[in-house]
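Numbering (our numbering), first residue to last: 792 to 1002.
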């Protein structure tokens, strides 16, 4: 499902299209599948730019992308689940936190069920979920090593494709840099949380701790 960026002026290929671009422009004989980790973080734009798409459609597209990679021999996957979209500054303006919370939880549970099915079909592959939902929820609740004074508002307002209005003096104190994106400090916390997945050997059972 395609997305957009830069104030909706640039069309971004959907995740499956991006995977196909990767496969078409990569010499598959040079890929060492046992040492290659495929990290997929997608679907964030779908709730924002396509108001008719369903969680099932979103996850179906993502599963097809994973199957495309499995078909060429991919062995290791780390799949991000959906972020808590109800916390985004852009979403906050709709004043429907319960709706977006339930929508996100539904999407993440469908993701878990589908990944569990694929894992059973490919027992020699390792397909793991990175629980970005829970991580960002803890960060916003200031339950992380880095504390933030503002976990609700954006720090920048993008006026047009060339002009950004600064709404804060210190972005390091903010979770969100703009309506949709997180700040450098939050990215640092995500990078630290990913480290165990980069060195872990084996394929432990998938877990779903969201509900």
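The beta-carbon is built from N, C-alpha and C at its ideal position, and this holds for glycine as well.
Please read these numbers as outputs of a predicted model, since none were measured by experiment.
Legend entry - First through last residue of the alpha helix (DSSP H) which encompasses residue 849: Its alpha helix (DSSP H) spans residues 846-862.
Legend entry - Boundaries of the beta strand (DSSP E) in which residue 938 is found, first to last residue: Premise fails: residue 938 is in no beta strand (DSSP E) and is neither H nor E.
Legend entry - Beta-carbon proximity check, residue 869 vs residue 921, cutoff 8 Å: Yes, the Cβ-Cβ distance between residue 869 and residue 921 is below 8 Å.
Inset, instruction - Compare the C-alpha of residue 917 against each of 982, 884, 873, 858 and name the closest. - result: Measuring from the Cα of residue 917, the nearest candidate turns out to be 858.
Inset, instruction - Note the first and the last residue of the continuous beta strand (DSSP E) segment covering residue 929. - result: Careful: residue 929 lies outside any beta strand (DSSP E), inside the alpha helix (DSSP H) at 923-931.
Inset, instruction - Tell whether a beta-carbon distance below 8 Å holds between residue 935 and residue 896. - result: Their beta carbons are not under 8 Å apart, which means residue 935 does not touch residue 896 by this criterion.
Legend entry - Beta-carbon proximity list for residue 891, same chain, < 8 Å, skipping 5 on both sides: So the qualifying residues of the chain are 838, 876, 877, 882, 885.
Legend entry - Uninterrupted alpha helix (DSSP H) stretches inside the segment 856-923 (no shorter than 4 residues): Taking only runs of at least 4 residues, the alpha helix (DSSP H) segments lying wholly in the segment 856-923 are 880-883, 888-912.
Inset, instruction - Within 10 angstroms of the Cβ of residue 932, are there 16 or more other Cβ atoms? Answer buried if so, exposed if not. - result: The residue in question, residue 932, is exposed, as its Cβ has fewer than 16 Cβ neighbours within 10 Å.
Legend entry - Where residue 944 falls: helix, strand or coil (DSSP): In the structure shown, residue 944 sits in a strand (DSSP, three-state: E or B).
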